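Everything below concerns the one structure shown next.
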Amino acid sequence: LTGGSMFTFGQPTRKCEIVYACCPVVTVTGDMVYPRSEHLLLTAPDSNVIAINGMTAITDEGSFYGPVTNTVERYNRTTGTWSVIGTTLVARRQGQGVFISDNEIFIVGGRLANLSTLSSAEIFNTTTGTSTDLKLPINR
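Just so you know, the sequence shown maps onto residues 39 to 178 in the numbering used here.
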């Protein structure tokens with residue numbers, strides 16, 4: 039479990055926990071570098087975890103609005119620490135993504151900080167920490 043926020047109380051958090059489903063045990067682990075909610079979380083082929091984008095604060099308590107980050111972090115399961123590995127071209131919340139190779143993540147859709155819907159897509163490279171715009175032909 040990573041980050042998140044309580045709708046009625048506001049601010050996203052950096053806190054993280056590991057939940058072992060086999061034995062129900064919860065272990066607190068290292069905090070993310072940036073607080074985030076509504077972020078994309080993926081397990082990498084090497085079993086580490088990648089956190090992508092997300093909302094970093096809520097501007098008014100009880101609102102849906104707040105700044106969105108374009109940072110990407112990796113959780114190292116051996117050391118229990120997070121580090122920033124790069125940035126995406128678009129800062130998005132509620133985006134979707136999937137690994138398409140050992141070091142490439144296809145990221146699509148989501149919303150901007152003001153809740154405008156995105157139709158953009160990009161491929162983020164976990165080795166270089168950079169993204170490539172896919173230049174989708176249609177805005178929906």
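Just so you know, even glycine gets a beta-carbon here, dropped at the ideal spot from N, CA and C. From a predicted model like this one, the values you see are computed outputs, not experimental measurements.
Item	Value
Does the beta-carbon distance from ASN108 to THR126 come in below 7 angstroms?	yes
Just the Cα atoms here: how many angstroms apart are THR97 and ASN86?	32 angstroms
Just reading off the beta strand (DSSP E) that GLY124 is part of, what are its end residues?	119–125
Report, in whole angstroms, the separation of the C-beta atoms of ARG131 and GLU76, which I expect to be a contact under 8 angstroms.	4 angstroms
Look up ARG149 in the DSSP assignment and say whether it is helix, strand or coil.	strand
Looking only at C-alpha atoms, which of VAL136, ALA129, THR65 and GLY118 sits nearest to THR94?	ALA129
Between the C-alpha atoms of LYS53 and VAL71, what's the straight-line distance to the nearest angstrom?	10 angstroms
Can you tell me where the beta strand (DSSP E) holding ALA159 begins and where it ends?	159–163
Does DSSP classify TYR72 as helix, strand or coil?	coil
Could you tell me which of LYS173, GLY68 and VAL57 sits nearest to THR117, measuring between CA atoms?	GLY68
On the CB-based measure, 16 or more other CB atoms within 10 Å of its CB, does SER169 come out buried or exposed?	buried
Only counting the same chain, and skipping five residues up and downstream in sequence, which positions put a Cβ closer than 6 angstroms to that of ALA159?	VAL146, LEU172 and LEU174
Quick check on ALA89: buried or exposed, where buried means 16 or more other Cβ atoms within 10 Å of its Cβ?	buried
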